[in-house]
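Asker: Structure below; questions to follow.
There are 2 protein chains.
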Amino acid sequence: MKATKAKAPSLPSSALQRLEEVEDHFVDLWDNMSALWGISPTMARIHGLLYITGAALSMDDIMARLAISRGNVSMNLSKLVEWGLVRRVHKRGDRRDYYESLSDVWEMFTLVANQRKRREIDPILTTLRRCKEELSPETLGGLADTDVARQRYRRVTELLTLLSQMESLARRFFESHRGLRAAVELLAQE
Amino acid sequence: MKATKAKAPSLPSSALQRLEEVEDHFVDLWDNMSALWGISPTMARIHGLLYITGAALSMDDIMARLAISRGNVSMNLSKLVEWGLVRRVHKRGDRRDYYESLSDVWEMFTLVANQRKRREIDPILTTLRRCKEELSPETLGGLADTDVARQRYRRVTELLTLLSQMESLARRFFESHRGLRAAVELLAQE
DNA sequence: TACAATTTTCATATCATCCTGAAATGGATA
DNA sequence: TATCCATTTCAGGATGATATGAAAATTGTA
Numbered sequence: 001m002k003a004t005k006a007k008a009p010s011l012p013s014s015a016l017q018r019l020e021e022v023e024d025h026f027v028d029l030w031d032n033m034s035a036l037w038g039i040s041p042t043m044a045r046i047h048g049l050l051y052i053t054g055a056a057l058s059m060d061d062i063m064a065r066l067a068i069s070r071g072n073v074s075m076n077l078s079k080l081v082e083w084g085l086v087r088r089v090h091k092r093g094d095r096r097d098y099y100e101s102l103s104d105v106w107e108m109f110t111l112v113a114n115q116r117k118r119r120e121i122d123p124i125l126t127t128l129r130r131c132k133e134e135l136s137p138e139t140l141g142g143l144a145d146t147d148v149a150r151q152r153y154r155r156v157t158e159l160l161t162l163l164s165q166m167e168s169l170a171r172r173f174f175e176s177h178r179g180l181r182a183a184v185e186l187l188a189q190e
Numbered sequence: 191m192k193a194t195k196a197k198a199p200s201l202p203s204s205a206l207q208r209l210e211e212v213e214d215h216f217v218d219l220w221d222n223m224s225a226l227w228g229i230s231p232t233m234a235r236i237h238g239l240l241y242i243t244g245a246a247l248s249m250d251d252i253m254a255r256l257a258i259s260r261g262n263v264s265m266n267l268s269k270l271v272e273w274g275l276v277r278r279v280h281k282r283g284d285r286r287d288y289y290e291s292l293s294d295v296w297e298m299f300t301l302v303a304n305q306r307k308r309r310e311i312d313p314i315l316t317t318l319r320r321c322k323e324e325l326s327p328e329t330l331g332g333l334a335d336t337d338v339a340r341q342r343y344r345r346v347t348e349l350l351t352l353l354s355q356m357e358s359l360a361r362r363f364f365e366s367h368r369g370l371r372a373a374v375e376l377l378a379q380e
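Chains as they are written, first to last, in this note's numbering: chain A, 1 to 190; chain B, 191 to 380.
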């Protein structure tokens, strides 16, 4: 009912409308980026809204603004909190929870990169090492002497080398968002 | 019918079986990586099979080995060829097409990165620039003097800065796979 | 040209994912 | 403890993506 009352103390309604249109475009943009960041579209839209408004919004605000159901907002907000992209804040005298996005883009990027690394890349490296193991002379015995086995061992090893090096780079750059920012600025200019 | 006759001239069948198990693991691995690389799972599996075997396989070989339908294999193979990860090869005296994966992991990585950049990142940058435009003083007029508008302009600008710098890095590193390899090795060790 | 082998296309079916809404839970107040 | 408000959970439904298989198109061969 009383979903939209919080902010916007004084702007004329036509101005508000203009700003809301831009918000919409921005949320759509986030939506399109979701696959790239490896998060679900709705999670991305909610985060986009929180980032661009810079405000602490309640579940009802978000439901109304993005036209999605309560349960959906609830689940995606908890994921966002879990990822560290959004934090819960409270307003005194109000029982509801409000949610606010991080404001530092470098920090957000670092968080997402680390989550993906932990959830996707690390398990892949583990599996790949096991594959390499399975193709090693110790496991294959005499079979390892065939051309076929040797070639496969080499291919797995090369892939492992690439991913390991990437992983080690990522570890260094994403340890803190300051590290990332410094590195990128350095590399991008020169 | 005569799907699997081509390679493997002399290995005992138990050895073949061992190797096929490893192939399976590798294909599964590729499957799991598909989201990370931004390609569909089946496309990834086919490519995984072609990469690990190092052989030129026909559609029938792939259908049989991965248990997927002809149409599916056909469509995904043409995508792989389009991306440049796989090439069509011919065997003399055989009307069928055979398909072979690139063998250089750095080259493959560079291809995928460039495709994603072109398909996903570049459009995002375009849209983001339009968002920034919509929030600029020129477009907003007097409204741009409000705190709200100023804050949003700043947020969009910061995001744009981050993505632009990333984009410029990517352009340099992914121009050729040699560039990437050299850069990663340099950064990873020191 | 007619034929046969192979590949491509695409309407339909299948599947996985995501969303909804209502019931269950939690937790503050009196 | 009883009540009220907010949040979470989850079974079932909606949606979109992917796979199938048979018909159409393509390409090489006689």
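Where a beta carbon is used, it is the ideal one built from N, C-alpha and C, also for glycine.
Predicted model, so just to flag it, every value in this text is computed and none were measured.
For B:I229 and A:A35, I'd like the C-alpha separation in whole angstroms.
Answerer: As the crow flies, the alpha-carbon of B:I229 is around 11 Å from that of A:A35.
Asker: Enumerate in chain order the residues of its own chain whose CB-to-CB distance from B:K197 is below 7 Å, with the five nearest sequence positions on each side excluded.
Answerer: Legend: pLDDT at B:K197 = 41, less than 50; position of this residue unreliable, no value from coordinates given.
Asker: Do A:F174 and A:N114 count as a contact pair if the criterion is CB distance below 7 Å?
Answerer: yes
Asker: Assuming B:Y288 and B:V276 are in contact, meaning their beta carbons sit under 8 Å apart, how far apart are those beta carbons, in whole angstroms?
Answerer: Not quite, the Cβ-Cβ distance comes to about 10 Å (not below 8 Å), so this is no contact.
Asker: In or out: A:R152 buried (at least 16 other Cβ within 10 Å) or exposed?
Answerer: With 16 or more other Cβ atoms within 10 Å, it is buried.
Asker: Since B:V302 and A:M166 should fall inside the 8 Å C-beta cutoff, what is the C-beta to C-beta distance between them, to a whole number of angstroms?
Answerer: With 8 Å as the limit, B:V302 and A:M166 do not qualify as a contact, their Cβ atoms being about 13 Å apart.
Asker: If B:R208 sits next to B:W220, beta carbons under 8 Å apart, how far is it from one beta carbon to the other, in whole angstroms?
Answerer: Wrong, their Cβ atoms sit about 19 Å apart, outside the cutoff.
Asker: In three-state DSSP terms, what is B:L181?
Answerer: Because chain B is modelled from 191 through 380, residue 181 of chain B falls outside the range shown and cannot be assessed.
Asker: Excluding the 5 residues flanking A:S101 on each side, which residues of the same chain have their C-beta closer than 7 Å to its C-beta?
Answerer: H47, L50, Y51, L85, V86
Asker: In terms of DSSP beta bridges, what is B:R277 paired with?
Answerer: B:E290
Asker: Cβ of B:G369 less than 7 Å from any chain A Cβ?
Answerer: no
Asker: With a threshold of 16 other CB atoms inside 10 Å of the CB of A:H177, please say whether the residue is buried or exposed.
Answerer: Residue burial annotation: A:H177 is buried, with at least 16 other C-beta atoms found within 10 angstroms of its C-beta.
Asker: If we cut at 7 Å on Cβ distances, does B:G244 have a partner in chain A?
Answerer: Taking Cβ atoms only, chain A reaches closer than 7 Å to B:G244, which makes this a yes.
Asker: Report yes if the C-beta distance between B:L350 and B:K322 is below 7 Å; otherwise report no.
Answerer: yes
Asker: How would you list, in chain order, the residues of chain B whose beta-carbon sits under 7 Å from the beta-carbon of A:Q115?
Answerer: Under the 7 Å cutoff, chain B gives no residues; its nearest Cβ is about 12 Å from A:Q115.
Asker: Bridge partners for B:L301 per DSSP, in chain order?
Answerer: In the DSSP output, where bridge partners are listed per residue, B:L301 has none listed.
Asker: Should B:R344 go down as buried or exposed, given a rule of 16 or more other Cβ atoms within 10 Å for buried?
Answerer: exposed
Asker: What runs of the alpha helix (DSSP H), each 4 residues or longer, lie entirely inside the region 302-329 of chain B?
Answerer: Every unbroken stretch of the alpha helix (DSSP H) spanning 4 or more residues and falling wholly within the region 302-329 of chain B is given here in chain order: 312-324.
Asker: In chain A, which residues lie less than 8 Å from B:V302 when you measure between Cβ atoms?
Answerer: Near B:V302 there are no residues of chain A at all, since even the closest Cβ is about 12 Å away, more than 8 Å.
Asker: Please list, in chain order, the chain A residues whose beta carbon lies closer than 9 Å to that of B:G228.
Answerer: A35, L36
Asker: Using DSSP bridges, identify the partner residues of B:L377.
Answerer: Answer is none; B:L377 lacks a bridge partner.
Asker: Expressed to the nearest angstrom, what Euclidean distance is found between the alpha-carbon atoms of B:R319 and A:L80?
Answerer: If I take the Cα positions, the gap works out to 26 Å.
Asker: Starting from B:S248, follow its DSSP beta bridges and name the residues at the other end.
Answerer: DSSP lists B:Y288 as the bridge partner or partners of B:S248.
Asker: What residues in the region 122-156 of chain A have a beta carbon less than 8 Å from any beta carbon of chain B?
Answerer: So the list reads P123, I124, T127, L128, R130, C131, E134, L135, L140, L143, T146, V148, A149, Q151, R152, R155, V156, given in the order they occur along the chain.
Asker: Counting C-beta neighbours from all protein chains within 10 Å, is the total for A:D94 16 or more, i.e. buried, or is it exposed?
Answerer: exposed
Asker: Expressed to the nearest angstrom, what Euclidean distance is found between the alpha-carbon atoms of A:W83 and B:M249?
Answerer: 42 Å
Asker: Helix, strand or coil for B:P231 per DSSP?
Answerer: helix
Asker: Enumerate in chain order the residues of its own chain whose CB-to-CB distance from B:L325 is below 7 Å, with the five nearest sequence positions on each side excluded.
Answerer: A339, R342, Y343, V346
Asker: Please report the straight-line C-alpha distance between B:M223 and B:H280, rounded to a whole angstrom.
Answerer: Computed Cα separation, rounded: 29 Å.
Asker: Where does A:T251 sit, in a helix, a strand or coil, going by DSSP?
Answerer: Missing from the structure shown is residue 251 of chain A; chain A here goes from 1 to 190 and no further.
Asker: May I ask you to report which of helix, strand or coil DSSP gives B:L201?
Answerer: coil
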